[in-house]
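Trainee: Pasting a structure here, questions to come.
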Amino acid sequence: MAKHVAVLKGGWSHEREVSLNSGAECAQALRNAGYEVTEIDVGRDIADVLTRLKPDVVFNALHGRFGEDGTIQGLLEILSIPYTHSGVLASSLAMDKHQAKVMFKAAGVPVTDHVIATRDAIARQHVMAPPYVVKPYNDGSSVNVFIVKDGQEHPPQEILRTDWDGDEELMVERFIPGRELTCAVMGDVALGVIEIVTDLSFYNYEAKYVTGGSRHELPAQVSPKIYEKVQKMSLAAHAALGCRGVSRSDFRYDPRGGDDGELVCLEINTQPGMTKTSLVPELAAHAGHSFEELVSWMVEDASCNR
Numbered sequence: 001m002a003k004h005v006a007v008l009k010g011g012w013s014h015e016r017e018v019s020l021n022s023g024a025e026c027a028q029a030l031r032n033a034g035y036e037v038t039e040i041d042v043g044r045d046i047a048d049v050l051t052r053l054k055p056d057v058v059f060n061a062l063h064g065r066f067g068e069d070g071t072i073q074g075l076l077e078i079l080s081i082p083y084t085h086s087g088v089l090a091s092s093l094a095m096d097k098h099q100a101k102v103m104f105k106a107a108g109v110p111v112t113d114h115v116i117a118t119r120d121a122i123a124r125q126h127v128m129a130p131p132y133v134v135k136p137y138n139d140g141s142s143v144n145v146f147i148v149k150d151g152q153e154h155p156p157q158e159i160l161r162t163d164w165d166g167d168e169e170l171m172v173e174r175f176i177p178g179r180e181l182t183c184a185v186m187g188d189v190a191l192g193v194i195e196i197v198t199d200l201s202f203y204n205y206e207a208k209y210v211t212g213g214s215r216h217e218l219p220a221q222v223s224p225k226i227y228e229k230v231q232k233m234s235l236a237a238h239a240a241l242g243c244r245g246v247s248r249s250d251f252r253y254d255p256r257g258g259d260d261g262e263l264v265c266l267e268i269n270t271q272p273g274m275t276k277t278s279l280v281p282e283l284a285a286h287a288g289h290s291f292e293e294l295v296s297w298m299v300e301d302a303s304c305n306r
């Protein structure tokens, strides 16, 4: 008898639309693979919905807060429903970029210098010498991110908008020029390395989700030494937080810094996008796994106590 999989999608974070797309495509792929699938647009009554439905497995296609910060994972642990992706602690650590960096550094994974400050303090004066990046330290999809260029006289004043919908505290981190690289881990295997190329100022929400916003070079055209280093660092970051299932680590590579350049890990994503054209499915396909095989593997890998 086929497993009954509940695909959680939607929710109420900044990334609701992305999650709806990911969930719909994963649900269809699972149906194609022979699973019984119920799609759920997640609301505040999700515990009651799952209690009534009694699925064998939850495929978590939620993005952003609640979906990837350990909250829904904790609920699924309480309900004793096996689920995909990382567990409570790993999800929480990955969502908090400051804590993730602490863990990465302890594991020997290079990270950028950063400080956490209030938006008022950040807007009043430079809290670090430009160039630097201002961004949320516990949100996803490059929302409310600002780059302060070298020589820029004033910090970004946009963070003082009256309609600001972000947090009061933000991360300010040293800007690393150069190339955007990303690598996925599937179980305990590092997949290939993609270089993300965009004509926009950086890999922001538009670059990620608007058609033509970016292009992917797979395999990334970097030296074999750097390619392998990205893979090793992705595995180390995945292990440092105790991630499970699939994760994706993002890097900046400045080939001008030192003998091999400067390579730093920006963050790890425990709930990466899962449409057919997203980075992780593209990396899985490059490794010989179809989209149906990828999502099926994730369902079979599901468990509690992750």
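For the sequence shown, full-length UniProt numbering begins at 1 and goes up steadily by one. A virtual CB, placed ideally from N, CA and C, is assigned to each residue, including glycine. Note that the coordinates shown come from a computational prediction; the quantities given were computed from them, not determined experimentally.
In chain order, what residues of the same chain have a beta carbon less than 7 Å from the beta carbon of VAL37, not counting five sequence neighbours either side?
Mentor: What you label residue 37 is simply residue 37 of the sequence shown in a count that begins at 1. Taken in chain order, the residues that qualify are VAL5, VAL7, ALA27, LEU30, ARG31.
Trainee: Look up ARG174 in the DSSP assignment and give the residues it is bridged to.
Mentor: Position 174 of the sequence shown holds residue 174. TYR132.
Trainee: When the distance is taken between beta carbons, is GLU262 closer than 8 Å to ALA100?
Mentor: Within the sequence shown, numbered from 1, the residue matching residue 100 stands at position 100. Within the sequence shown, numbered from 1, the residue matching residue 262 stands at position 262. Not in contact: ALA100 and GLU262 (Cβ atoms no closer than 8 Å).
Trainee: Just confirm the distance between the C-beta atoms of VAL246 and ALA184, as a whole number of angstroms; I'd bet it's less than 8 Å.
Mentor: In the sequence shown, counting from the first residue as 1, residue 246 sits at position 246. In the sequence shown, counting from the first residue as 1, residue 184 sits at position 184. Confirmed, Cβ separation roughly 6 Å.
Trainee: Just mark PRO55 as buried or exposed, buried being the case when its beta carbon has 16 or more other beta carbons within 10 Å.
Mentor: As a position in the sequence shown, residue 55 is number 55, starting the count at 1. Looking at its Cβ environment, which holds 16 or more other Cβ atoms inside 10 Å, PRO55 is buried.
Trainee: Going residue by residue through the region 220–258, where are the continuous beta strand (DSSP E) segments of at least 3 residues, counting only ones entirely within it?
Mentor: The region 220–258 contains, as complete beta strand (DSSP E) runs of 3+ residues, the segments 246–254 (chain order).
Trainee: Where does ASN138 fall in DSSP's three states?
Mentor: Position 138 of the sequence shown, counted from the first residue, corresponds to residue 138. Annotated three-state conformation of ASN138 is coil, per DSSP.
Trainee: May I ask which residues mark the beginning and end of the beta strand (DSSP E) holding LEU263?
Mentor: What you label residue 263 is simply residue 263 of the sequence shown in a count that begins at 1. Taken as a continuous stretch (DSSP letters only), the beta strand (DSSP E) holding LEU263 covers 262–269.
Trainee: So the candidates are VAL134, SER91, ASP41, HIS289; which of them puts its Cα closest to the Cα of ASP167?
Mentor: For this step, residue 167 is matched to residue 167 along the sequence shown. Looking at the Cα atoms, VAL134 is the closest of the given residues.
Trainee: Take the Cβ of SER223 as the centre, count every other Cβ of all protein chains shown within 10 Å, and call the residue buried at 16 or more, exposed below.
Mentor: Within the sequence shown, numbered from 1, the residue matching residue 223 stands at position 223. Its Cβ having fewer than 16 others within 10 Å, SER223 is exposed.
Trainee: Check whether the region 234–248 and the region 87–100 are in contact - that is, three or more C-beta pairs closer than 8 Å.
Mentor: yes
Trainee: Please name the residue or residues paired with MET186 in a DSSP beta bridge.
Mentor: Position 186 of the sequence shown holds residue 186. Beta-bridge annotation (DSSP): MET186 is paired with VAL189, VAL246.
Trainee: Among LYS229, ASN269, HIS154, LYS276, which residue has its Cα nearest to the Cα of SER86?
Mentor: For this step, residue 86 is matched to residue 86 along the sequence shown. Comparing Cα-Cα distances from SER86 to each of LYS229, ASN269, HIS154, LYS276, the minimum goes to ASN269.
Trainee: Can you find the residues in the same chain that come closer than 8 Å, C-beta to C-beta, to ALA117, ignoring five residues on each side of it along the sequence?
Mentor: On the sequence shown, residue 117 is found 117 positions in, with the first residue counted as 1. Taking ALA117 as the centre and dropping the five residues before and after it, the same chain places the C-beta of VAL127, GLU169, LEU170, VAL172 closer than 8 Å to its C-beta, in chain order.
Trainee: On the premise that PRO136 lies in contact with VAL148, defined as a C-beta separation below 8 Å, what is that separation, rounded to the nearest angstrom?
Mentor: The residue you call residue 148 lines up with position 148 of the sequence shown. The residue you call residue 136 lines up with position 136 of the sequence shown. Not really, about 16 Å apart at Cβ, beyond 8 Å.
Trainee: For ASP139, is the classification buried or exposed, using 16 other Cβ atoms within 10 angstroms of its Cβ as the cut-off for buried?
Mentor: As a first step, residue 139 is located in the sequence shown; it is residue number 139 there, counting from the start. It counts as buried.
Trainee: My assumption, with CB atoms under 8 Å, is that LEU181 sits in contact with PHE251. Please give the rounded CB distance.
Mentor: Against the sequence shown, residue 181 aligns to sequence position 181. Against the sequence shown, residue 251 aligns to sequence position 251. The C-beta distance from LEU181 to PHE251 rounds to 4 Å, short enough to fall under 8 Å.
Trainee: Have a look at GLU153, VAL280, THR112 and flag the residue whose alpha-carbon is nearest the alpha-carbon of residue 311.
Mentor: The displayed coordinates of the chain run from 1 to 306. Any statement about residue 311 would go beyond what the structure contains.
Trainee: Suppose contacts are defined by Cβ-Cβ distances below 8 Å. Is ALA236 in contact with ALA106 by that definition?
Mentor: For this step, residue 236 is matched to residue 236 along the sequence shown. For this step, residue 106 is matched to residue 106 along the sequence shown. In this structure, ALA106 does not lie closer than 8 Å to ALA236 by Cβ.
Trainee: Would you mind working out which of ILE194, ASP120, LEU279, VAL299 sits nearest ARG161, comparing C-alpha positions?
Mentor: Along the sequence shown, one-based indexing puts residue 161 at 161. For the residues ILE194, ASP120, LEU279, VAL299, the minimum Cα distance to ARG161 belongs to ASP120.
Trainee: State the DSSP-derived secondary structure class of VAL49, mapped to helix, strand or coil.
Mentor: Here residue 49 is taken as the residue at index 49 of the sequence shown, counted from 1. Helix.
Trainee: Return the first residue and the last residue of the beta strand (DSSP E) that ASP71 is part of.
Mentor: Locating residue 71 in the sequence shown gives position 71, counting from the first residue. Reading off the sequence shown, one finds Thr at residue 71, where the question assumed Asp. For THR71, there is no enclosing beta strand (DSSP E); the residue is part of the alpha helix (DSSP H) that begins and ends at 71–79.
Trainee: TYR35 and VAL58 look like a contact to me (Cβ under 8 Å); what is the Cβ gap, rounded to whole Å?
Mentor: Start at 1 with the first residue of the sequence shown, and residue 35 comes out as number 35. Start at 1 with the first residue of the sequence shown, and residue 58 comes out as number 58. That belief does not hold up - the Cβ atoms of TYR35 and VAL58 are roughly 12 Å apart, past 8 Å.
Trainee: Kindly identify the DSSP beta-bridge partner or partners of TYR83.
Mentor: Residue mapping note: residue 83 aligns to position 83 of the sequence shown, counting from 1. Per DSSP, VAL58, SER303.
Trainee: Drop a sphere of 10 angstroms on the beta-carbon of GLY187, count the other beta-carbons inside from all chains shown, and report buried for 16 or more, exposed for fewer.
Mentor: Within the sequence shown, the letter at position 187 stands for residue 187. Flag for GLY187 reads exposed.
Trainee: Comparing C-alpha positions only, which one of THR275, LYS232, ALA284 sits nearest to VAL109?
Mentor: As a first step, residue 109 is located in the sequence shown; it is residue number 109 there, counting from the start. Of the listed residues, the one whose Cα sits closest to VAL109 is LYS232.
Trainee: Quick one: using the 10 Å Cβ neighbour count with 16 as the cut-off for buried, is ALA129 buried or exposed?
Mentor: Locating residue 129 in the sequence shown gives position 129, where the first residue counts as 1. It is exposed - the Cβ of ALA129 has fewer than 16 other Cβ atoms within 10 Å.
Trainee: Between the beta-carbon of GLY70 and the beta-carbon of VAL42, is there less than 8 Å?
Mentor: Translated into positions along the sequence shown, residue 70 becomes position 70. Translated into positions along the sequence shown, residue 42 becomes position 42. No. Outside cutoff.
Trainee: Given that a residue counts as buried once 16 or more other Cβ atoms are within 10 Å of its Cβ, and exposed if not, what is MET298?
Mentor: Working through the sequence shown from its first residue, we reach residue 298 at position 298. Looking at its Cβ environment, which holds 16 or more other Cβ atoms inside 10 Å, MET298 is buried.
Trainee: Quick check on the DSSP output: the alpha helix (DSSP H) that includes GLU282 runs from which residue to which?
Mentor: As a working note, residue 282 is residue 282 in the sequence shown. 279–286 is the span of the alpha helix (DSSP H), which, as asked, contains GLU282.
Trainee: When DSSP labels each residue in this structure, what does LEU218 get in the three-state scheme?
Mentor: Along the sequence shown, read from residue 1 onward, the residue named residue 218 stands at position 218. Of the three classes helix, strand and coil, the one that applies to LEU218 here is coil, per DSSP.
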